[in-house]
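Structure first, commentary second.
Residue numbers (the UniProt record's numbering): 1 to 373.
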């Protein structure tokens, strides 16, 4: 409740009250609890003003008139709409959903606060509640958001970048050739094909399931890679952005592609599944399409069924993504560079896609044969 103003208290800061005429007390603006401030008025006034500056988000009357005050939530929603890959394309729906999940939690605390009022302590309070891996992901996202806000002159600094990064201990183990061979032996044909394509081409699950027959022409597989963010667990994820890779089809790769073709069904996708019954799915372009999450879930089921890694549990079990690490290792072991094949560049990416420019493809060869007997 606000205090009535009179000649005796009009010079007092908000939340400072006289207690029984001799001492002073301060009312916490959020909890309503009173705290003793002693009997010295000057000291009590100074302390109350400092507390108010820390505990109250004072209304910025200049901003309310000029309309320049921007809430954290409003800015983040605009950030997600405008976020682009380095080649100018919009980020994928999956990436946007991951960002949204992280931000929804923060909106409950910061949603209506002005962006420039977010402090280092507020950021640390949110990060400290998370696991190391989730902390790393949220910190990276907040760094990007405040970087953009600074570039627009909305906030003076980036409180997220001042926070300390914490080492994330890797739990996920790598695939072995023997383990993957056992998984493959228990897999349905479509999953065998996906495993083989990933192993030969080093491509990610999103690019594997998105591959279409129309991407294959002139003796090459053309892949506009969908990677948009770095992966802290993958030593080969050294750069953000999509790569344009054109993979030359050799005899080994052609065998896999021939196996992917079906005389029973016409489908635009190289990796596909004929479901037991046709069902409508808003996320599917075609009823035979395999979505990335489904691929991951089915792969994990087969890993457990095959008992390929009986000593591993939980997050230690390698996923479909780890096939890529094994593929890159096998390419390096064979004396072939996997960097271009994987779509990485440590200096400058040779591919770009801008308005008025043609795509520049990275021409690469498959460097290995399938290691399965």
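All C-beta atoms in this analysis are idealised placements derived from N, C-alpha and C, irrespective of residue type, glycine included.
A quick note: this is a predicted structure, and the numbers were derived from the prediction, not measured.
Find the nearest neighbour of residue i within the set the options, judged by alpha-carbon distance.
i, options, result
"residue 158", "164, 146, 152 and 165", "146"
"residue 144", "19, 222, 320 and 85", "85"
"residue 309", "160, 77 and 177", "177"
"residue 80", "70, 100 and 69", "100"
"residue 322", "311, 299 and 304", "299"
"residue 22", "121, 14 and 36", "36"
"residue 334", "26, 365, 312 and 78", "365"
"residue 361", "104, 371, 215 and 196", "215"
"residue 96", "141, 52 and 132", "141"
"residue 315", "258, 133 and 207", "133"
"residue 52", "70, 69, 28 and 75", "28"
"residue 375", "125, 107, 179 and 281", "Summary: the structure shown does not reach residue 375, with the chain confined to residues 1 through 373, and so no result is reported for it."
"residue 69", "331, 117, 261 and 188", "117"
"residue 262", "251, 274 and 252", "274"
"residue 54", "259, 284, 293 and 121", "121"
"residue 371", "252, 301 and 297", "252"
"residue 151", "75, 367, 98 and 126", "75"
Should residue i and residue j be called a contact, given that it needs their Cβ atoms to be closer than 8 Å?
i, j, result
"residue 72", "residue 38", "no"
"residue 268", "residue 213", "yes"
"residue 24", "residue 41", "yes"
"residue 201", "residue 328", "no"
"residue 186", "residue 326", "no"
"residue 272", "residue 248", "no"
"residue 256", "residue 193", "yes"
"residue 376", "residue 183", "The structure shown has nothing for residue 376, since the chain only spans 1 to 373."
"residue 376", "residue 181", "Nothing in the structure corresponds to residue 376, since the chain is present only between 1 and 373."
"residue 119", "residue 139", "no"
"residue 162", "residue 115", "no"
"residue 13", "residue 45", "yes"
"residue 312", "residue 173", "yes"
"residue 429", "residue 226", "Nothing about residue 429 can be reported from this structure: the residues present for the chain run from 1 to 373 only."
"residue 270", "residue 211", "yes"
"residue 198", "residue 105", "no"
"residue 48", "residue 15", "yes"
"residue 195", "residue 207", "no"
"residue 386", "residue 209", "Coverage of the chain is limited to positions 1 through 373, which leaves residue 386 absent and any answer about it impossible."
Hey, is residue i close to the ligand SAH, as in C-beta under 7 Å from one of its heavy atoms?
i, result
"residue 204", "Among the components modelled here there is no ligand, and therefore nothing to report on the ligand SAH."
Below 8 Å on the Cβ atoms is my contact criterion, and I expect residue i with residue j to pass it. Report the Cβ-Cβ distance as a whole number of Å.
i, j, result
"residue 205", "residue 34", "Not quite, the Cβ-Cβ distance comes to about 58 Å (not below 8 Å), so this is no contact."
"residue 246", "residue 363", "5 Å"
"residue 414", "residue 123", "Past the boundaries of the shown model lies residue 414; the chain is included only from 1 to 373, so the question cannot be answered."
"residue 287", "residue 276", "Residue 287 to residue 276, Cβ: 12 Å. No contact."
Based on DSSP bridge pairs, tell me the residues matched to residue i.
i, result
"residue 222", "246"
"residue 70", "According to DSSP, residue 70 bridges with nothing at all."
"residue 90", "84"
"residue 269", "212"
"residue 296", "Beta-bridge pairing links residue 296 to no other residue."
"residue 35", "26"
"residue 114", "71"
"residue 289", "272"
"residue 365", "248"
"residue 105", "Paired residues: none, contrary to the question."
"residue 16", "26"
"residue 309", "DSSP lists no partner for residue 309."
*asked:* Quick check for students: name the residue ranges of the alpha helix (DSSP H) that lie wholly in the region 138 to 213, counting only runs of 4 or more.
replied: 159 to 162, 177 to 185, 189 to 201 and 205 to 210
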